[in-house]
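A.B. asks: Next up is a structure, given as structure tokens.
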Amino acid sequence: MRIIVTGAAGFIGSNLVQALNARGIDEIIAVDDLEQGDKFRNLVDLRIADYIDKREFYAAFARGHYGKVETVFHQGACSDTMQH
1 MRIIVTGAAG FIGSNLVQAL NARGIDEIIA VDDLEQGDKF RNLVDLRIAD
51 YIDKREFYAA FARGHYGKVE TVFHQGACSD TMQH
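Numbering (the UniProt record's numbering), first residue to last: 1 to 84.
Written out as structure tokens, the structure is:
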């Protein structure tokens, strides 16, 4: 079962990945904004199949790079309430 989690390195996304791992699921494509590399720390101890920047993900997905995807959990969002 291949699952995509957008916003995977954020608080909610990384906890979702952890919950999936607890259920034995590790075929997870973790998608997030890699401009802030420190967010990756939230995923260090978790099992994922791939970690990709959101800007590269769209093209890879459109090419069929990830094959059949069972589920998409869209947790990606701008968490900066002051961003314009």
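Positions of the beta carbon are idealized from the N, C-alpha and C atoms, including for glycine.
Counting C-beta neighbours from all protein chains within 10 Å, is the total for threonine 71 16 or more, i.e. buried, or is it exposed?
C.D. replies: Looking up residue 71 in the sequence shown gives position 71. Result: exposed.
A.B. asks: Given this structure, state the Cα-to-Cα distance separating glycine 37 from lysine 54, to the nearest angstrom.
C.D. replies: Start at 1 with the first residue of the sequence shown, and residue 37 comes out as number 37. Start at 1 with the first residue of the sequence shown, and residue 54 comes out as number 54. Their backbone Cα atoms lie some 13 angstroms apart in a straight line.
A.B. asks: Taking glutamate 56 as the reference, give the member of His65, Ile28, Ala9 with the closest Cα.
C.D. replies: Within the sequence shown, residue 56 is the residue found at index 56, counting from 1. Comparing Cα positions, the closest option is His65.
A.B. asks: In this structure, what does DSSP give as the bridge partners for isoleucine 28?
C.D. replies: Position 28 of the sequence shown, counted from the start, is the residue given in the question as residue 28. Paired residue(s): Ile3.
A.B. asks: Can you tell me whether aspartate 32 is buried or exposed? The criterion is at least 16 other CB atoms within 10 Å of its CB, across all chains shown.
C.D. replies: Within the sequence shown, residue 32 is the residue found at index 32, counting from 1. Flag for aspartate 32 reads buried.
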